[in-house]
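Notes to accompany the following structure.
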Amino acid sequence: MAENIKITVVNKGAEQVFEAPDDLGLNLMEFLKATEHQEIEGMCGGMALCATCHVRVLEGTTGDEGAKDDEVAMLETLPEIFGNSRLSCQIKLTDRIKNLKIELV
Amino acid sequence: MITTDIAIIGSGPAGLFAVFEAGLLKLRTHLIDYLPQPGGQLSEVYPKKPIYDIPGYPTVQAQELVDKLLEQNKPFNPGFTLGERIESLEKRGERDFVLTTDKGTQINSKAVIIAGGLGCFEPRKPEVADLNKFEGGRGINYMVLDPEKFRNKKLVLAGGGDSALDWTIHLSQIASEVTLVHRSESFRGAPDSVNKVFELSKQGKVNLLLNSNLAKVDGNGVLKQVVVQNKNADDSRVIATDELILLFGLSPKLGPIERWGLNIEKNSIEVNPEDYSTNVEGVFAIGDINTYKNKLKLILCGFHEAAIASHAIYKYINPGVKYTLKYTTVNGVNAF
Numbered sequence: 000m001a002e003n004i005k006i007t008v009v010n011k012g013a014e015q016v017f018e019a020p021d022d023l024g025l026n027l028m029e030f031l032k033a034t035e036h037q038e039i040e041g042m043c044g045g046m047a048l049c050a051t052c053h054v055r056v057l058e059g060t061t062g063d064e065g066a067k068d069d070e071v072a073m074l075e076t077l078p079e080i081f082g083n084s085r086l087s088c089q090i091k092l093t094d095r096i097k098n099l100k101i102e103l104v
Numbered sequence: 000m001i002t003t004d005i006a007i008i009g010s011g012p013a014g015l016f017a018v019f020e021a022g023l024l025k026l027r028t029h030l031i032d033y034l035p036q037p038g039g040q041l042s043e044v045y046p047k048k049p050i051y052d053i054p055g056y057p058t059v060q061a062q063e064l065v066d067k068l069l070e071q072n073k074p075f076n077p078g079f080t081l082g083e084r085i086e087s088l089e090k091r092g093e094r095d096f097v098l099t100t101d102k103g104t105q106i107n108s109k110a111v112i113i114a115g116g117l118g119c120f121e122p123r124k125p126e127v128a129d130l131n132k133f134e135g136g137r138g139i140n141y142m143v144l145d146p147e148k149f150r151n152k153k154l155v156l157a158g159g160g161d162s163a164l165d166w167t168i169h170l171s172q173i174a175s176e177v178t179l180v181h182r183s184e185s186f187r188g189a190p191d192s193v194n195k196v197f198e199l200s201k202q203g204k205v206n207l208l209l210n211s212n213l214a215k216v217d218g219n220g221v222l223k224q225v226v227v228q229n230k231n232a233d234d235s236r237v238i239a240t241d242e243l244i245l246l247f248g249l250s251p252k253l254g255p256i257e258r259w260g261l262n263i264e265k266n267s268i269e270v271n272p273e274d275y276s277t278n279v280e281g282v283f284a285i286g287d288i289n290t291y292k293n294k295l296k297l298i299l300c301g302f303h304e305a306a307i308a309s310h311a312i313y314k315y316i317n318p319g320v321k322y323t324l325k326y327t328t329v330n331g332v333n334a335f
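These protein sequence lines are chains A and B, in that order.
Per numbering that gives the first Met the number 0, the first sequence starts with residue 0, numbered consecutively.
Per numbering that gives the first Met the number 0, the second sequence starts with residue 0, numbered consecutively.
Structure representation (structure tokens):
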């Protein structure tokens, strides 16, 4: 049986640890929207087309190969990005996520 | 002043279909949208994406759906005010609303449908001091509404997406000088556009500043110059310019809707799920902007809400008049 994964979320300086299911096919944006972090808009619904779910990966691993081309292209349109910027809709919640700590931008 | 039966704020799929449902009830409609074209997110954010859950369409491209909704609405000839944002919504009395846009356009209606999606798409702004000093026709722009405004002008554009590339190419043909400032050393936009911009740079028609950020804007009442900082070389340069065009995409904000006395919960308008009415009698909210128990933010649910709200508005506008539902298969669509 799949176990929950732990994700630390930093929002406006405050830290909170969440347990997320890794077997529901959710992405991080969808999970964050289901918590009280409503400022994550995820307007386009997860197509990497709006950049309203921009986060920074502070620690740990997302378990994927980093941002793909369409995600990088979308990030490039933002006024400010960081070396660790990701669109949370493109991070799948899987058991490959380890010690993940992210900050909402 | 524009007069209509129903003012519809937002021209995404829910707002567009409300035109049709209201039209079947012989109610006239006027749509207002902050974006320069109808279609909402579908046209602005994902026009080429396929949608799979529109009944009867195994797949339909977002823009194609918008085009078909516009075509379906033609018999009812709705009015459009595009590129303007409703700032105030005033209820002067029963069945008497006045809506005023940021450009001063006024619409008088008997009822209001808010179909605003996630709110107004507002431009993303970089963290540079004093941008607001030069907004509103004083040199700083966040979108290109009329390219002719920039003819024979010195321009600085900033941004790295398709929109920045496309406008750089277009404006390089009519402006006297074009500089494009981009944060990194490569572009991820459409390869054709990227190649064209590099070619224009080689030909000296575009001054391309890569690995660079806008650091400062300066002027005396109107914009005179900008300072651009190179990230690697630690050098900054001053560029004299008439206009600065910042193209960093759009982000939705609920905006003025918050100030209209409506019950708002987590950026959504609370409605009665029996008829999608709000706490202000005569004002209805449909589509992604409303919230109620078991709400699903789906286009098909917005269509349903448009039909129910239109019938509720018919009753509100015509108190005491008995209405029998008529089918389009029996009555057809009677244009007006």
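Here a beta-carbon is modelled for each residue, glycine too, at the ideal position from N, C-alpha and C.
- Neighbours of residue 152 of chain B across chain A, judged by C-beta separation under 7 Å, do not exist; the nearest C-beta is about 23 Å away.
- As for any beta strand (DSSP E) of minimum length 3 sitting wholly inside the stretch 269-299 of chain B, the runs are 282-284, ordered along the chain.
- Residues of the stretch 287-309 of chain B that bring their beta carbon within less than 8 Å of a beta carbon in chain A are absent altogether.
- For the stretch 63-120 of chain B, the full-length beta strand (DSSP E) segments reaching 3 residues or more read 78-81, 85-92, 95-100 and 105-113 along the chain.
- Shown here, residue 170 of chain B sits in a helix according to DSSP, grouped into three states.
- In this structure, residue 281 of chain B keeps its C-beta atom at 9 Å or more from the C-beta atom of residue 13 of chain B.
- In this structure, residue 31 of chain A keeps its C-beta atom at 9 Å or more from the C-beta atom of residue 59 of chain A.
- Look at the beta carbons and you see the stretch 37-45 of chain B not touching the stretch 309-324 of chain B: under three pairs across the two are nearer than 8 Å.
- In the DSSP secondary-structure assignment, residue 180 of chain B is bridged to B:157 and B:208.
- Cβ proximity to chain A below 9 Å picks out 181, 182 and 183 from the stretch 171-183 of chain B.
- When DSSP reads this structure, residue 15 of chain A sits in a beta bridge with A:8.
- Residue 114 of chain B has its alpha-carbon roughly 11 Å from the corresponding atom of residue 302 of chain B.
- DSSP, reduced to helix, strand and coil, places residue 68 of chain A within a helical segment of the structure shown.
- When beta bridges are read from the DSSP output, residue 56 of chain B appears opposite B:53.
- When 9 Å is used as the limit between beta carbons, residue 88 of chain A is near no residue of chain B, the shortest such separation being about 13 Å.
- Look at residue 316 of chain B here: in three-state DSSP terms it is helix.
- When A:88, A:62 and A:2 are compared, the shortest CA-CA separation from residue 71 of chain A is found for A:88.
- When secondary structure is reduced to three states using DSSP, residue 148 of chain B falls in the helix class.
- The Cβ-Cβ distance between residue 179 of chain B and residue 156 of chain B falls below 9 Å.
- CA-to-CA, the gap between residue 228 of chain B and residue 127 of chain B works out to about 12 Å.
- The Cβ of residue 48 of chain A sits closer than 9 Å to at least one Cβ of chain B.
- Near chain A, meaning a CB-to-CB distance below 9 Å, the residues of the stretch 234-256 of chain B are 245, 246, 247, 248, 249, 250 and 251.
- Annotated as proximal: residue 16 of chain B and residue 306 of chain B, with beta-carbon spacing under 9 Å.
- Put simply, the CB of residue 126 of chain B is near chain A, with a gap under 9 Å to one of its CB atoms.
- Around the Cβ of residue 61 of chain A, a 10 Å sphere holds 16 or more other Cβ atoms; the residue is buried.
- Around residue 79 of chain A, the beta-carbon contacts reaching into chain B at under 7 Å are 125 and 126.
- With the criterion set as a beta carbon lying under 8 Å from some beta carbon of chain B, the members of the stretch 22-53 of chain A are 37, 40, 42, 43, 46, 48, 49, 50 and 51, in sequence order.
- Residue 54 of chain A sits close to residue 86 of chain A, with the two beta carbons spaced by under 9 Å.
- Linking residue 206 of chain B to residue 225 of chain B through their CA atoms gives a straight-line distance of about 14 Å.
- As summarised for the stretch 120-144 of chain B, there are no continuous alpha helix (DSSP H) elements at least 4 residues long confined to that stretch.
- Per DSSP, reduced to three states, the secondary structure at residue 330 of chain B is helical.
- Residues are counted here when their Cβ sits less than 8 Å from a Cβ of chain A; for the stretch 40-68 of chain B these are 40, 44, 45 and 48, given in chain order.
- For residue 20 of chain B, the uninterrupted alpha helix (DSSP H) segment begins and ends at 12-23.
- Against chain A, the beta carbon of residue 265 of chain B has neighbours under 8 Å at 37, listed in chain order.
- At least one C-beta of chain B is nearer than 9 Å to the C-beta of residue 71 of chain A.
- Between residue 140 of chain B and residue 244 of chain B, the C-beta spacing is below 9 Å.
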